[in-house]
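Q: Take this structure first; my questions come after.
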Amino acid sequence: MVKRMTLLFPLHPNFTGYNAPMRTDSEILDLEVIGELPAELEGTWYRCGPDPRFPPRLGNDIYVNGDGVVSMFRFHQGRVDFRMRHVRTERYLAERYAGRSLFGAYRNPFTDDPSVANVSGNTANTTAFFHAGHLFALKEDGLPYELDPNTLETRGLWDFRGKLKSKTVTAHPKIDPATGEWLLFGYEANGLGSRDMVFGVVDKHGDLVREEWFEAPYTAMQHDFAVTRDYVIFMVFPTTADVERMRQGGDHWVWERDKDSWIGILPRQGSAANLRWFKRPAGYSFHVGNAYNEGSLIHIDLCLSQRNAFPGIPDADGRPYNPEEAAPFLTRWSFDAQDPEATFTSRQLSPIPGELPRVDGRVVASKHRVIYYGGINPELPLNTSGPIGPGSNLLVRVDVDTGAVSALHLRDADSFQEPQLVPAVGHEGYLLVVVDHHDTTLASVAVLEAAHPEKGPIATIKLPIRLRDAFHGCWVAAGAANGA
Ligand SMILES: [Fe+2]
Numbered sequence: 023m024v025k026r027m028t029l030l031f032p033l034h035p036n037f038t039g040y041n042a043p044m045r046t047d048s049e050i051l052d053l054e055v056i057g058e059l060p061a062e063l064e065g066t067w068y069r070c071g072p073d074p075r076f077p078p079r080l081g082n083d084i085y086v087n088g089d090g091v092v093s094m095f096r097f098h099q100g101r102v103d104f105r106m107r108h109v110r111t112e113r114y115l116a117e118r119y120a121g122r123s124l125f126g127a128y129r130n131p132f133t134d135d136p137s138v139a140n141v142s143g144n145t146a147n148t149t150a151f152f153h154a155g156h157l158f159a160l161k162e163d164g165l166p167y168e169l170d171p172n173t174l175e176t177r178g179l180w181d182f183r184g185k186l187k188s189k190t191v192t193a194h195p196k197i198d199p200a201t202g203e204w205l206l207f208g209y210e211a212n213g214l215g216s217r218d219m220v221f222g223v224v225d226k227h228g229d230l231v232r233e234e235w236f237e238a239p240y241t242a243m244q245h246d247f248a249v250t251r252d253y254v255i256f257m258v259f260p261t262t263a264d265v266e267r268m269r270q271g272g273d274h275w276v277w278e279r280d281k282d283s284w285i286g287i288l289p290r291q292g293s294a295a296n297l298r299w300f301k302r303p304a305g306y307s308f309h310v311g312n313a314y315n316e317g318s319l320i321h322i323d324l325c326l327s328q329r330n331a332f333p334g335i336p337d338a339d340g341r342p343y344n345p346e347e348a349a350p351f352l353t354r355w356s357f358d359a360q361d362p363e364a365t366f367t368s369r370q371l372s373p374i375p376g377e378l379p380r381v382d383g384r385v386v387a388s389k390h391r392v393i394y395y396g397g398i399n400p401e402l403p404l405n406t407s408g409p410i411g412p413g414s415n416l417l418v419r420v421d422v423d424t425g426a427v428s429a430l431h432l433r434d435a436d437s438f439q440e441p442q443l444v445p446a447v448g449h450e451g452y453l454l455v456v457v458d459h460h461d462t463t464l465a466s467v468a469v470l471e472a473a474h475p476e477k478g479p480i481a482t483i484k485l486p487i488r489l490r491d492a493f494h495g496c497w498v499a500a501g502a503a504n505g506a
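Heads up: the sequence shown begins at 23 in this note's numbering, then just goes up one per residue.
What follows is the structure in structure tokens.
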């Protein structure tokens, strides 16, 4: 009889406690609800995040390298049903067949098992996204995976009916509510480490109608971008990639504080020939809350830090990670697209550090008033949840017009995942947010008045399980998704 040693997940904060992998698909019908759900909550909340099926091939790994899992809460007549299912990516299927991890370090194919040399490492683990009747799981180093919006079964890779040439599509797509267009970009668009970028437009029917190719100043992690009615803004911050470094077994991403950042401004109706790049001092932003323009004056509200916020991304000069440098603050950048230097002003919008900014989807690319995000008060207890370390211990609402900031802290043993606004007619709508309960290792969904999150939940949806932290999601009103 052959004895087989079971591989173990490492005893590391990325894989223990609330971050322990769940490794399961599940369905829970008719969740318990405390309080009364608003009648307007009719639809489905989709979320996507990482959850590794197998222990890491190299013994340890970063949080963001887990297999994509999509979950859904379907709200119908006061009842809530829950489903969660791994995306059957090429990577997932290859590893399932082998019964172990075959992919090594994050986005470094030189550390993979030779058997997957021709298999995509795309985990589809970042964003659940819905457009023109189709549900997708997105990851920025590959193409979207299409999922069944009712069962979450994987339908397969989506290349826009063979039209898209880019090998990558951002996990931060924008839907322009004025046109119904899906605006996307790709970086490393022509393969590992390439400087090639793409800007793409998908019309309201789901057809790719534009694909503009151009080059970035250097190859960098471009996690998000900004879109206004008249402009598209790309942001190159010095988290850099180098294929030779990867070949030597090094990280895909390294933080190079001495490099400039670059801002690329593209008129929406222009071509790549109209794209102009402007230098900025080094800094980093993972997420844009929203952007808009008044004539040629562009405003971008983004979570901005002095360095990349991920502790797993090393400094090129070996300097130790400094959480104060990495702390992001919601900031407004304003600059004139007609100014030959695009001279910009920078204004902090909230004193509370935090991330995962969200706005009402109806104001994307136009003037917004309110941003919601997960905040951190370092003087309150912090619990380990998600990719950075501490999970958000505040849920924050900022009125960017008045400067008013309000915040909700629940119990010291709780942390928040990304908030989701559900729009309503005649008022600001509702916020949905998964709350991690670190004492019971269970989760719940808090339903809040969006105008007053500080008042606490008007209803709480209980789960009999933990929900490992997801990244990003979307709300799809009933009727938009087939069967919703
Ligand atoms: Fe993101």
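Just so it is clear, CB atoms sit at the ideal spot from N, CA and C, and this is done for glycine as well.
#1: Less than 7 Å between the CB of A193 and some heavy atom of ligand 1, yes or no?
#2: Pairs of beta-carbons, one from the region 408–423 and one from the region 436–446, closer than 8 Å: are there three or more?
#3: Report, in whole angstroms, the separation of the C-beta atoms of L53 and I483, which I expect to be a contact under 8 Å.
#4: Report the residue from S48, E237, Q99 and K25 whose alpha carbon sits nearest the alpha carbon of V55.
#5: Rounded C-beta distance between M94 and R490? I'm assuming under 8 Å.
#6: Given 7 Å as the limit, tell me if H449 has its C-beta closer than that to any heavy atom belonging to ligand 2.
#7: In the DSSP assignment, find the beta strand (DSSP E) that holds A468 and state where it starts and stops.
#8: Using only the heavy atoms of ligand 1, determine whether one of them is closer than 7 Å to the beta carbon of F493.
#9: Would you identify the three-state DSSP class for S137, choosing helix, strand or coil?
#10: Do the CB positions of F357 and G71 come within less than 8 Å of each other?
#11: Check each candidate in L205, E162 and G202 and name the one with the smallest Cα separation from N212.
#12: Applying the 10 Å Cβ sphere with the 16-neighbour rule, what's the burial state of Y40?
#13: Could you check the C-alpha separation between N405 and H460 for me, to the nearest Å?
#14: Since I believe L214 is in contact with P131 (beta carbons under 8 Å), could you give me their beta-carbon distance rounded to a whole number of angstroms?
#15: Note the first and the last residue of the continuous alpha helix (DSSP H) segment covering A429.
#16: Starting from L319, follow its DSSP beta bridges and name the residues at the other end.
#17: What are the residues that DSSP puts in a beta bridge with R101?
#18: Label M243 either buried or exposed according to how many other C-beta atoms from any shown protein chain fall within 10 Å of its C-beta, with 16 as the threshold for buried.
#19: So, for L371: in the same chain, excluding its five sequence neighbours on each side, which residues have a beta-carbon less than 7 Å away from its beta-carbon?
#20: Are there any heavy atoms of ligand 1 lying less than 7 Å away from the beta-carbon of T190, as far as the coordinates show?
#21: Ligand 1 and H13: does any heavy atom of the ligand fall closer than 7 Å to the residue's C-beta?
#22: Skipping 5 residues on each side, what residues in its chain have a beta carbon closer than 6 Å to that of F37?
#23: List the endpoints of the continuous alpha helix (DSSP H) containing R267.
#24: Which residue marks the beginning of the alpha helix (DSSP H) containing P345, and which one marks its end?
#25: Quick check: the region 215–229 against the region 174–191, are at least 3 beta-carbon pairs closer than 8 Å?
#26: Quickly, what does DSSP pair T176 with across the bridge? List them, please.
#27: Look up G505 in the DSSP assignment and say whether it is helix, strand or coil.
#28: Once you ignore the five residues that flank T145 on each side, which residues in its own chain have a CB closer than 6 Å to its CB?
#29: Grab the span of the alpha helix (DSSP H) containing L115 for me, first residue to last.
#30: In its own chain, which residues sit with a C-beta less than 7 Å from the C-beta of R341, not counting the 5 before and 5 after it?
A: Quick look at the numbers:
#1: Yes, ligand 1 has a heavy atom inside 7 Å of this Cβ.
#2: At 8 Å Cβ cutoff, the stretches touch.
#3: Between I483 and L53 the Cβ distance is about 5 Å, and since that is below 8 Å, they are a contact.
#4: The option with the nearest alpha carbon to V55 is Q99.
#5: Incorrect: roughly 15 Å between the Cβ atoms, too far for contact.
#6: Ligand 2 is not among the ligands present in this structure, which contains only ligand 1.
#7: DSSP places A468 in the uninterrupted beta strand (DSSP E) bounded by L464 to E471.
#8: The answer is yes for F493.
#9: S137 falls in the helix class under three-state DSSP.
#10: Contact annotation: F357 and G71 have beta-carbon atoms that are not nearer than 8 Å.
#11: It is E162 whose Cα lies nearest to the Cα of N212.
#12: Looking at its Cβ environment, which holds 16 or more other Cβ atoms inside 10 Å, Y40 is buried.
#13: One C-alpha to the other measures close to 7 Å.
#14: Rounded to whole angstroms, the Cβ separation of P131 and L214 is 7 Å, and the two are in contact under 8 Å.
#15: From DSSP, A429 is part of no alpha helix (DSSP H) but of the beta strand (DSSP E) over V427 to L430.
#16: For L319, which the question treats as bridged, DSSP gives the partners E316 and D358.
#17: In DSSP, R101 forms a bridge with H98.
#18: Its Cβ being crowded by 16 or more others within 10 Å, M243 is buried.
#19: Excluding sequence neighbours, L371 sits near D323, L352, T353, R354, V420 and V422.
#20: No; taking the cut-off as 7 Å, the Cβ of T190 has no heavy atom of ligand 1 nearer than that.
#21: As displayed, the chain neither begins before 23 nor continues past 506, which places residue 13 out of reach and without an answer.
#22: Cβ-Cβ distances below 6 Å link F37 to F31 in the same chain, with the five nearest sequence neighbours on each side left out; the list follows chain order.
#23: Note, R267: alpha helix (DSSP H), V265 to R269.
#24: For P345, the enclosing alpha helix (DSSP H) covers residues P345 to A348.
#25: Touching, per the Cβ criterion.
#26: L169.
#27: Residue placement at G505 is flagged as unreliable, the pLDDT there being 41, under the threshold of 50; a coordinate-derived value is accordingly withheld.
#28: The answer, listed in chain order, is D89, G90 and K161.
#29: Looking at the DSSP string, the run of the alpha helix (DSSP H) that includes L115 is E112 to A120.
#30: Once the five neighbours on either side are set aside, R341 has no close Cβ partner at all.
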